[in-house]
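S.K.: The sequence shown runs 14 to 289 under this note's numbering.
Beta carbons are placed, not taken as given, at the ideal position from N, Cα and C, and that holds for glycine.
All values derive from a computational prediction rather than experimental measurement.
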Amino acid sequence: MERAGCIYWLPAPTISSAHANSSVPEAGHNHPVIVLESSGGLDTILLLTSFNGQSLSVRHPTRINNRAQYLPIHPSPPHPDTKELLYLSPGPPLRKASYIGLSKRHQVPTSALVHYDRKTKAKYRLTPQSWKLLLEKLDLPQTLLFNPPTPLFPPPAYPVRPTPHNMLPQSPVRVQSPPVVVPPVRFWNVEPLYNYGTVSASLAIASSNPYASAPIPQSAPQSVQVYGHHELPSHRSRMEERDSAECGPGVGFCVVAALLFCAWYWRANIWGIVAG
């Protein structure tokens with residue numbers, strides 16, 4: 014794709030094999046051409062014309078369809094209908110005001126084309142914007158876009174640390190401070206979830222508080238009664254067990270009091286009989 018978008022000169026055919034595969038008519042020779050694609054030793058081209066020094070509006074004053082088949086190149090005047098104008102990359106301009114014919118494409122051998130200016134051998138090439146516009150007019154894929162010129166200071170293929178020696182001219186440098194890490198906190202206070210403790214705790218230093226080392230009293234063991242699936246206590250049995258447990262001390266006191274009263278009454282009667 015080095016030749017895509019470049020303007021060359023198609024000289025008159027000679028008795029040689031260079032023009033054997035050319036599809037350009039004889040009237041199209043000795044004209045500048047622009048290369049659309051180059052592959053396999055053949056170039057796909059479009060012919061340029063100057064209309065013998067006439068402008069597009071003078072050559073086709075009334076037929077809009079005919080004017081739509083051409084695109085002017087600077088220094089030609091803009092298109093009379095669409096105001097479109099193609100530009101060349103910085104360099105010498107074309108010798109004549111020229112127009113690209115869009116109606117028909119041709120194929121010629123690559124060796125049949127010569128430099129537009131055979132004395133200076135300067136390269137005449139469309140700008141990327143003009144080349145893109147030409148592809149849109151021809152309904153060609155944008156994959157034919159040629160690569161932009163190589164920069165003066167190309168970046169390295171591997172990532173390096175930016176220094177004054179390898180930085181591109183006027184290239185922005187992004188400086189970013191490290192992010193601040195905020196520890197997660199509980200929602201009811203601002204105490205961090207993790208705590209590394211004090212120096213004394215880390216060094217296992219005994220505390221001066223005598224109560225700090227007191228043993229923690231063991232909680233009273235609780236009995237756990239296990240029931241089988243076939244002997245689970247019912248709600249009524251649970252209520253009866255609770256009532257009997259609650260009334261147990263009162264019933265025992267009443268029984269003891271009754272026994273003491275009976276003993277006293279029996280003794281009183283015995284002493285009364287003996288005395289009588």
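#1: Which residue's Cα is closest to the Cα of C19: H119, S63, H73 and L101?
#2: Looking at the secondary structure, which residues open and close the alpha helix (DSSP H) in which V71 lies?
#3: With a CB to CB cut of under 7 Å and the five nearest residues on each side skipped, what residues in its chain are close to V127?
#4: Where in the region 75-161 do unbroken runs of the beta strand (DSSP E), each at least 3 residues long, occur, reported from the N-terminal end onward?
#5: For H119 and H42, what's the separation of their Cα atoms in angstroms?
#6: My output table needs one value for V268: the three-state DSSP class, helix, strand or coil.
#7: Do Y112 and S143 have their C-beta atoms closer together than 8 Å?
#8: Count the other CB atoms, across all protein chains shown, that sit within 10 Å of the CB of D312; report buried if there are 16 or more and exposed otherwise.
#9: For E50, which of helix, strand or coil comes out of DSSP?
#10: Thinking H44 and L69 are a contact (beta carbons under 8 Å), I'd like their distance in whole angstroms, please.
#11: By a C-beta neighbour count over all protein chains shown, 10 Å radius and 16 as the cutoff for buried, is I47 buried or exposed?
#12: Between R138, S116, A135 and R131, which lies nearest to D152 when the distance is taken from Cα to Cα?
M.R.: Reading from the atomic positions:
#1: Along the sequence shown, one-based indexing puts residue 19 at 6. Ranking the options by Cα distance to C19, first place goes to L101.
#2: Locating residue 71 in the sequence shown gives position 58, where the first residue counts as 1. V71 -> alpha helix (DSSP H) spans L69 to R72.
#3: Position 114 of the sequence shown, counting from 1, holds the residue named residue 127. Annotation for V127: Y21, W22 and P24 place their beta carbon closer than 7 Å to its own, counting only its chain and skipping 5 residues before and after.
#4: 83-86, 111-114 and 119-122
#5: Taking the first residue of the sequence shown as 1, we reach residue 119 at position 106. Taking the first residue of the sequence shown as 1, we reach residue 42 at position 29. If I take the Cα positions, the gap works out to 12 Å.
#6: In the sequence shown, counting from the first residue as 1, residue 268 sits at position 255. In this structure, V268 counts as helix in the three-state DSSP scheme.
#7: Residue numbering aside, residue 112 sits at position 99 when the sequence shown is read from its first letter. Residue numbering aside, residue 143 sits at position 130 when the sequence shown is read from its first letter. With respect to S143, Y112 sits apart: the two C-beta atoms are not nearer than 8 Å.
#8: This structure cannot speak to residue 312, because the chain is shown only from 14 to 289.
#9: As a first step, residue 50 is located in the sequence shown; it is residue number 37 there, counting from the start. Strand.
#10: Along the sequence shown, read from residue 1 onward, the residue named residue 44 stands at position 31. Along the sequence shown, read from residue 1 onward, the residue named residue 69 stands at position 56. Going by Cβ atoms, the distance from H44 to L69 rounds to 16 Å, so no, they are not a contact pair.
#11: The count along the sequence shown starts at 1 and reaches residue 47 at position 34. Here I47 is buried, its C-beta having at least 16 other C-beta atoms within 10 Å.
#12: Residue numbering aside, residue 152 sits at position 139 when the sequence shown is read from its first letter. The option with the nearest alpha carbon to D152 is S116.
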